[in-house]
Structure formats: structure tokens, C-alpha cells
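**Q** 7 is the number of the first residue of the sequence shown in my numbering; add one for each residue after it. Glycine included, C-beta positions come from ideal geometry on N, C-alpha and C. Given the structure is predicted, the values throughout are model-derived calculations rather than measurements. The structure's right below; bear with me while I get my questions together.
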Amino acid sequence: MSIEELPKEISILYNLQTLKLCKCIRLGRLPEDMKCMENLRHLYTNGCSSLKCMPPGLGQLTSLQTLTYFVVSSSPGCSTIRELQDLNLGGDLELSHLQFATEVDAQACSLGNKEKLTHLSLKWGDDSSDELGHHRNVLDALKPHAALEFLRIRSYRGTGFPAWVVSINFLQHLTELKLDGCTRCEEFPQFGQFKSLEVLVLKRLNKLQSLCNHSSSAIFPALKDLRLKKLEIFERWVATEGEELAFPQLENVKIKDCPKLAILPEAPKLKFITLKEEKAQLSLSILKARYMSCLSRVGLSVSDDTEAAPITELDQDCEVSLSNLLLDGCNFLFCSTPLQPTVGVWKWFGQLVHLTLKSCDVLIYWPEEEFRCLVSLNSLSINSCSKLVGRTQGKGCRTQVRDQLVPNLKELTIDHCGSLTELFVLPPSLTSIDMLDCNSLESILGQDDTELESILHFDAASSSEHFNDLTSTCLLEHSPSPRINPLQCLDFLRIISCKNLRFMPTQLDALQFLDIDDCNGLESLDCLGDMLLLETLYLIRCKHLASVPGSLGSYSALTKLCIQYCPALNMKPLYGHLQQRLDSLEGPKLWEPKSWKYMVPSLRKHKH
């Protein structure tokens with residue numbers, strides 16, 4: 007990725023047949039004498055977005071069969087697309103910066119004769135302008151053969167497409183069509199005419215209102231993937247009001263920033279849908295039995311801050327197989343206080359396996375009623391919910407322990423939730439916790455560990471009557487007691503930039519991976535136990551941390567170790583256990599002088 011220029015000596019590799027330069031994003035030019043590489047057959051330059059031009063005389067490479075990316079230039083000493091005339095190219099070809107191509111050169115490159123070409127991308131500059139129909143003339147001259155399978159046209163500035171693009175009988179083998187940034191175009195193909203089309207992607211088409219004029223001649227028999235983005239005036243599937251399109255094979259739909267579109271297409275096999283909109287128009291329309299009964303993955307992004315509202319037309323008896331749900335914003339699906347009634351649609355999510363909540367600013371407390379519906383949830387990710395505090399408005403005793411909301415949860419990820427102070431009660435099924443940038447969080451367990459200890463570690467001589475009173479008041483029979491490990495299956499724990507974290511979970515016998523970074527509130531990790539299964543240990547930038555975890559253990563499974571910038575840490579116990587195995591560990595070597603500045607003086611003295 008750092009290569010900016012190839013050595014000119016590459017050009018003397020006369021017998022070289024294949025040169026792969028894919029995704030060399032800084033490569034600015036190719037050697038000028040590449041025309042001498044007479045045996046070159048395959049030149050892969052796709053992803054070389056910084057190329058300024060193609061070397062001169064490229065047409066002399068008569069053995070060339072593959073050229074994935076050709077950039078047009080107006081500078082002298084560069085190849086024009088005319089150089090492609092006698093090359094029998096096949097596979098993929100992208101022609102970029104076509105604003106510098108002339109109609110004569112475009113005609114001369116003879117794309118129509120290159121019958122082995124399957125994928126064609128035609129790209130103009132985003133800031134180019136169409137003067138006197140220049141774009142249309144060049145596009146017309148670049149007419150490919152009729153058996154083309156993939157066509158992409160980007161940043162074309164013509165007001166209409168040439169005949170070969172809109173013809174009813176041409177490109178009948180096309181399986182994928184992408185139009186992007188054709189902002190001035192007013193005339194479009196009848197997209198349903200492409201009977202083999204499986205993927206249709208339409209972006210930044212400012213004047214597109216519908217996919218076709220009449221549904222009778224516009225059925226998509228093969229379309230499986232439909233993606234629409236930034237279509238400002240797109241408002242219906244068929245121009246004729248009252249008619250509907252048929253998408254009998256459609257499985258995946260992505261619609262983003264199409265503000266006038268209010269209904270989804272009829273698609274009986276729809277499985278995956280992603281929506282991004284300002285107001286919950288399309289999002290509400292999928293919450294009906296005809297869609298929810300077949301969907302397996304849904305992603306909704308709604309930026310409107312309207313709070314929860316009743317959702318009607320719900321078939322509560324409908325079987326829903328939805329397994330993956332992402333909600334970005336979507337305040338209309340949540341209750342802002344525990345006293346509000348839950349939104350009925352959550353009762354459908356009993357089969358949900360993966361849930362991601364992002365930027366849901368209406369969330370202040372854990373949505374207990376909603377979470378209780380998620381009996382099959384395995385993975386929960388919460389990102390950038392800036393107002394989420396976590397604890398609920400409990401009744402009675404402050405330390406009342408609530409039911410486990412997600413009893414089968416295995417993976418929990420919480421990222422950039424700056425107001426979060428308390429987690430919900432974590433289930434014993436949990437195997438992974440990943441916390442990042444939650445600066446208000448003080449403990450990992452669902453309640454403050456100090457409060458639990460004050461209740462559970464009472465004097466052994468206390469009467470059973472006192473114990474019974476305590477448990478009846480605070481429901482301690484469900485509490486995650488340190489004596490009964492609530493996280494007995496946890497094998498992955500990563501905590502980064504949680505600066506107020508003071509308490510860790512109780513003994514974690516199954517832990518294999520531990521990474522704690524930038525947590526200055528932590529002073530001790532002794533409570534984690536002997537760590538007999540620990541394989542990876544990272545302790546970084548924890549300036550008040552004084553003891554390593556598992557100080558009484560042997561670290562017999564440890565294979566990776568990194569400890570940096572922990573000036574208060576006593577390394578003697580760890581060093582004593584690992585003294586015979588230091589050579590086999592991956593990571594900074596504790597005995598190397600360059601690493602000593604990160605360690606405590608006692609370790610340096612011990613080593614000497």
C-alpha cells in the first residue's frame with residue numbers, strides 16, 4: 007500500500023506473464039517502458055486509484071488478455087484508450103477519467119469486438135461537466151458486446167443514456183447493473199427489461215422517480231439484490247399509480263436516503279433488509295406479518311427522535327424467524343421510562359440471536375420489558391448510546407437484584423456509552439465481555455461489587471434469622487454471589503478506556519484472554535483467581551494497578567504477555583512463576599533493558 011512508483015527495471019522482465027498490483031493505492035505511475043514486456047498476459051491494476059495515466063505504447067502488448075483498470079489522461083506521453091484496439095481483453099475492465107477521452111478514441115478501442123469481456127465499468131470524474139453532449143457521445147462509442155454480464159456507469163453527466171443502454175433487446179445477459187452519480191440524467195432504462203438481472207444498484211440519480219413505467223412489462227424474474235441510495239425524488243416502484251411490481255426472487259434490499267419512498271416492494275422471499283431514513287416510514291411498513299414472517303436479518307437506521315408509539319396491524323400469532331437485528335437511532339421502538347408500556351413488536355423477537363443497538367438516545371435505563379422477550383439472544387452489542395445510564399428505577403431496597411433479562415447471552419460488547427454506570431444482571435452463560443470507552447462505569451457486574459460484598463460477606467456468626475430477613479428484603483437468592491461464580495463460563499474479557507472502573511468480577515476460572523488498557527481506577531486484580539487457563543494477558547496504561555491477576559497461580563497456559571506503562575505494578579509474583587518460561591512467551595521481553603522503564607524498580611533489582 008506504500009508503493010508510489012515501480013522500479014523501471016521491471017520493464018526488462020521480458021518473460022513475465024502476470025503482474026498483480028491490486029490495491030496499490032499510492033501507486034502514481036507505471037514504468038514508461040512496459041511496452042517492452044512482450045509476454046505480459048495479465049496486468050491487474052484494480053484498486054490503483056492514484057494512477058495518473060497509463061504508460062505509452064500499451065497497445066504493443068499484444069499478448070495482453072487481462073487489464074483490470076485503465077485510467078485516461080490528457081497529458082502527453084500517456085496511452086489513450088485507442089491503444090486497446092488490438093488487445094483481446096477478457097474478464098474485468100474499468101475505464102476511469104473518461105472526461106479526458108475523445109469520441110474518436112472511444113470508437114477506436116472497439117469494445118464491441120472484445121467478446122471475452124464480462125465486466126465493464128465506465129467512470130467519469132465526480133467534478134466533470136458535460137459540454138455539448140460529450141459524455142453521451144463517448145458512452146455511445148463505448149458500446150460493448152451484447153453478452154456482457156456486468157455493467158457499472160459512474161458520474162455520467164449526460165441528460166439521457168444512448169440507445170444501447172436503454173434498448174429492450176440489448177444486454178439481455180446482464181446479471182448486474184450499477185448506476186451511480188448520473189445526476190443530470192432524465193431518461194433511464196426500463197429496468198425490468200433485463201430478464202437475467204440479479205443485482206441492481208442505483209445511487210445518486212437525482213431525477214429518477216420510478217423503476218419503470220408499467221408493471222405489465224416490468225417484472226424482475228431473477229432479481230435477488232436491490233440497493234437504492236440517495237434517490238431524492240424516487241417515490242414509487244411503478245410510474246403508473248395503483249400498479250405494483252413483482253419481485254418473485256428478491257432476497258436482499260438496501261434502501262438509504264430515499265425520502266419520498268413510503269412503501270416496500272412485494273417480495274415473498276425477502277430475507278435481508280437494511281433501511282436508513284429520517285422518519286420511520288419504511289421501517290414501520292416492515293413491521294407487518296407479511297414481511298416479518300420470512301426475514302432473517304434486519305438493519306434499521308432512523309434519525310428522527312420521536313419516541314415510542316403504538317404499532318398497529320401486528321399479528322401476534324405470526325412465527326418470526328428473525329435472527330439478526332441492528333437498530334440505529336429508532337427511538338420509536340423504545341420506551342424512555344420504565345413506566346411506559348413496552349412496544350408490542352418486541353414479542354416477535356423470541357428467535358433473535360444477534361442484536362446491535364446504536365445511537366439510541368432515548369435509552370436511559372435498560373429496556374427490561376423489551377429484553378425479556380429476547381430469550382434466544384446470544385450476542386448483544388451497544389454502541390454510542392450516550393444517555394444510557396443502565397440502572398432502572400427499582401422498587402424497595404437499592405440493592406434489589408433483578409431477574410436476568412437475557413438468560414442465554416454469550417457475547418456482550420458495549421462501546422462509547424459515556425453515561426453508563428451499571429450493567430444489567432449478567433447471566434452465567436456469558437463467555438465474552440468487550441467494553442470500550444465507558445468512563446462512568448465503576449463495576450462489571452450488574453450491581454456495585456462493594457454493595458454486594460457488604461451484604462454477602464457478613465460475619466459468619468450472624469444468625470440465620472438475620473440472613474433470612476436480608477434475603478427476603480433484597481432477593482439475595484438470585485444475586486451473583488462471589489461464592490457462586492456468576493461468570494463461570496467467561497473466557498474473554500477486554501476493557502479499554504473505562505477510566506472510573508474500580509471493581510472487577512469475582513473469580514474467573516475459565517478466563518483465557520484478558521486485556522485491560524487505560525483503566526486508571528483499577529488498583530487490584532487479585533479477585534480474579536488463579537487464572538489457570540489464561541493464555542493471553544495484556545495490561546497497559548493502568549497507572550494505579552498494583553497487583554497482577556492470579557498471583558497465586560502458575561500461569562501454565564500463558565503464551566502471550568504484554569505489560570506496559572503500569573508503574574505501580576508489583577511484578578515479582580508474575581516473574582517468579584514465569585522465570586523458566588520467558589523465552590517461549592510472545593510479547594515484550596521483561597528482561598530486555600528497553601522494556602524496564604515500563605516496569606517497577608523491584609523487578610529491575612530482582613533481575614540484576
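State yes or no: is the C-beta of R47 nearer than 7 Å to some heavy atom of the ligand COA?
**A** No copy of the ligand COA appears in this structure; indeed no ligand is present at all.
**Q** In angstroms, rounded to a whole number, what distance separates the CA positions of S307 and R378?
**A** In a straight line, the C-alpha of S307 is about 23 Å away from that of R378.
**Q** What's the gap between the Cα of T124 and the Cα of W170?
**A** Distance between the alpha carbons of T124 and W170: 16 Å.
**Q** Determine the extent of the beta strand (DSSP E) in which E448 is found, giving its start and end residues.
**A** Element bounds for E448: n/a, residue is neither H nor E.
**Q** Can L64 and L25 be called in contact, C-beta distance under 8 Å?
**A** Their beta carbons are not under 8 Å apart, which means L64 does not touch L25 by this criterion.
**Q** Can the beta-carbon of V326 be found less than 8 Å from the beta-carbon of S289?
**A** Not in contact: V326 and S289 (Cβ atoms no closer than 8 Å).
**Q** Could you check whether C218 and A252 sit closer than 8 Å to each other, using their CB atoms as the reference points?
**A** For A252 and C218, no; Cβs fall outside 8 Å.
**Q** By the 10 Å Cβ neighbour count, where 16 or more other Cβ atoms means buried, how is Q23 classified, buried or exposed?
**A** Q23 is exposed by the Cβ-count criterion.
**Q** How long is the line joining the alpha carbons of E247 and R303, rounded to whole angstroms?
**A** About 30 Å.
**Q** For the structure I just gave you, are there three or more beta carbon pairs, one from the stretch 34-49 and one from the stretch 72-84, closer than 8 Å?
**A** Yes, they touch.
**Q** Which residue wins for smallest C-alpha separation from K149, given the options S173, T165 and D132?
**A** When each option's Cα is compared against that of K149, the closest is S173.
**Q** Helix, strand or coil for F176? Go by DSSP, reduced to three states.
**A** Coil.
**Q** For a quick check, are the C-beta atoms of K236 and K209 less than 8 Å apart?
**A** Yes. Within cutoff.
**Q** Distance check for I9 and C115, CA to CA, integer angstroms please.
**A** Answer to the nearest angstrom: the Cα atoms are 30 Å apart.
**Q** Which residues in the same chain have their Cβ closer than 6 Å to the Cβ of D231, if we skip the five residues on either side of it in sequence?
**A** Here the set comprises V205 and N258.
**Q** For F519, collect the residues of the same chain with a Cβ closer than 6 Å to its Cβ; drop the 5 residues on either side in sequence, then sort them by chain order.
**A** Here the set comprises F498 and T542.
**Q** Leaving out five residues before and five after F278 in sequence, what residues of the same chain have Cβ atoms less than 6 Å from its Cβ?
**A** For F278, where only same-chain residues beyond five positions count, the Cβ hits under 6 Å are N258 and R303.
**Q** Grab me the residues of L203's own chain with a C-beta within less than 7 Å of its C-beta, minus the 5 sequence neighbours each way, in chain order.
**A** Within the same chain, L203 has close Cβ partners L180, T181, L183, F226, A228 and L229.
**Q** Give the list of continuous beta strand (DSSP E) stretches no shorter than 3 residues that lie fully inside the stretch 259-296.
**A** Entirely contained in the stretch 259-296, the beta strand (DSSP E) runs reaching 3 residues are, in chain order, 278-283.
**Q** Per DSSP, N389 forms a beta bridge with which residues?
**A** Paired residues: K364 and D421.
**Q** Drop a sphere of 10 angstroms on the beta-carbon of T456, count the other beta-carbons inside from all chains shown, and report buried for 16 or more, exposed for fewer.
**A** The pLDDT assigned to T456 is 42, lower than 50, so where the model puts this residue is not dependable, and the model offers no usable value.
**Q** By DSSP's criteria, I546 is part of a beta bridge. Which residues make up the other side?
**A** Answer is D523 and Q570.
**Q** Tell me which residues share the same chain as S216 and place their Cβ nearer than 8 Å to its Cβ, disregarding the 5 neighbours each side in the sequence.
**A** So the list reads F240, E241, R242, W243, V244 and A245, once near-sequence residues are dropped.
**Q** Rounding to the nearest angstrom, what Cα-Cα distance links D186 and L551 in this structure?
**A** Their Cα atoms are separated by approximately 54 Å.
**Q** Quick one, which of S80, H140, H151 and L386 has its alpha-carbon nearest L95's?
**A** Checked all of S80, H140, H151 and L386; the closest Cα to L95 is H151.
**Q** Using a threshold of 8 Å, state whether the C-beta atoms of L534 and Q513 are closer than that.
**A** Yes. Within cutoff.
**Q** Which residue from E283, S385 and A516 puts its Cα closest to that of L361?
**A** Out of E283, S385 and A516, S385 has the C-alpha closest to the C-alpha of L361.
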